Amino acid sequence: MSAKPTALFSTPKKAAHPKIFSSGLHLAVRPFCIATDLPILFKWMSQEYAGPLLARSHPPQELEESYAIMIESDFAQPFMGLVNDTPLCQMDIYRMQQDVLSLSYPARPGDYGLQLIVAPLTVQDNMLLLIRACLEHFFSFPEVGRIIVNIENGNEYNRQLFKKVGFRSLYNIQTTYRTSSLYGCTASHFKEALSF
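Its first residue numbered 574, the sequence shown is counted upward by one per residue in my numbering.
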């Protein structure tokens, strides 16, 4: 049974909350476009994870189909994060109660998962600003009560990055393929982190 669409998943397909900082950085979050963003994402994945992807010159059909299904869904949406109009990360936001991770912790109705794929060699300070812009955008929707990230144990980069924007450790979980920690951030945690 399909859940009722939320405002977050029915927003116009345009850049959200563009920001310009005194440093001259222009940040934007926009919906994922299969035609332009899938080749970029595939390149990042090939560089970062290598393996069988290196033998392919273009994204596999299954990857395109996955994003097409997500774009049409009422429980998940992909976005791109840009700094100075250059894509630096791809993010998925989705209802946690409809994700398999909800079996590992007591998911709440307002919990939304956030998953990032970061471009190789991205500067952490730029990612920090971009994640702040993303959180500001996502917390502007009243249905978003808490954003959850799943950080693999040993990934100190992501753990520190998310803690800087207000995420707090919630649960340690064990899946069939890894041990990780769920971190959560509410709008008040986010605002508190901004004041430091």
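Backbone N, C-alpha and C fix where the C-beta goes; we use that ideal spot for every residue, glycine too.
Nothing here was measured: the structure is a model prediction, and the numbers come from that model.
Quick check on the DSSP output: the alpha helix (DSSP H) that includes N731 runs from which residue to which? 729-737
Evaluate the contact criterion for the region 719-729 versus the region 745-764: three or more CB pairs, one atom per stretch, below 8 angstroms. yes
Please classify V691 as buried or exposed, where buried requires at least 16 other C-beta atoms within 10 Å of its C-beta. buried
Check whether the Cβ atoms of R719 and G757 sit closer than 8 angstroms, and answer yes or no. yes
I need the straight-line Cα distance from T584 to R603, nearest angstrom please. Bear in mind that the predicted position of T584 carries a pLDDT of just 49, short of 50, making it too unreliable to give a figure here.
Identify, in the order they occur along the chain, each residue of the same chain with its Cβ nearer than 6 angstroms to the Cβ of I721, setting aside the five sequence neighbours on each side. M669, D684, G686, L755, G757
Buried or exposed for K764, going by 16 or more other Cβ atoms inside 10 Å? exposed
Provide the residue(s) that pair with M618 in DSSP beta bridges, ordered along the chain. None, per the DSSP bridge assignment.
From which residue to which residue does the beta strand (DSSP E) around Y744 run? 741-747
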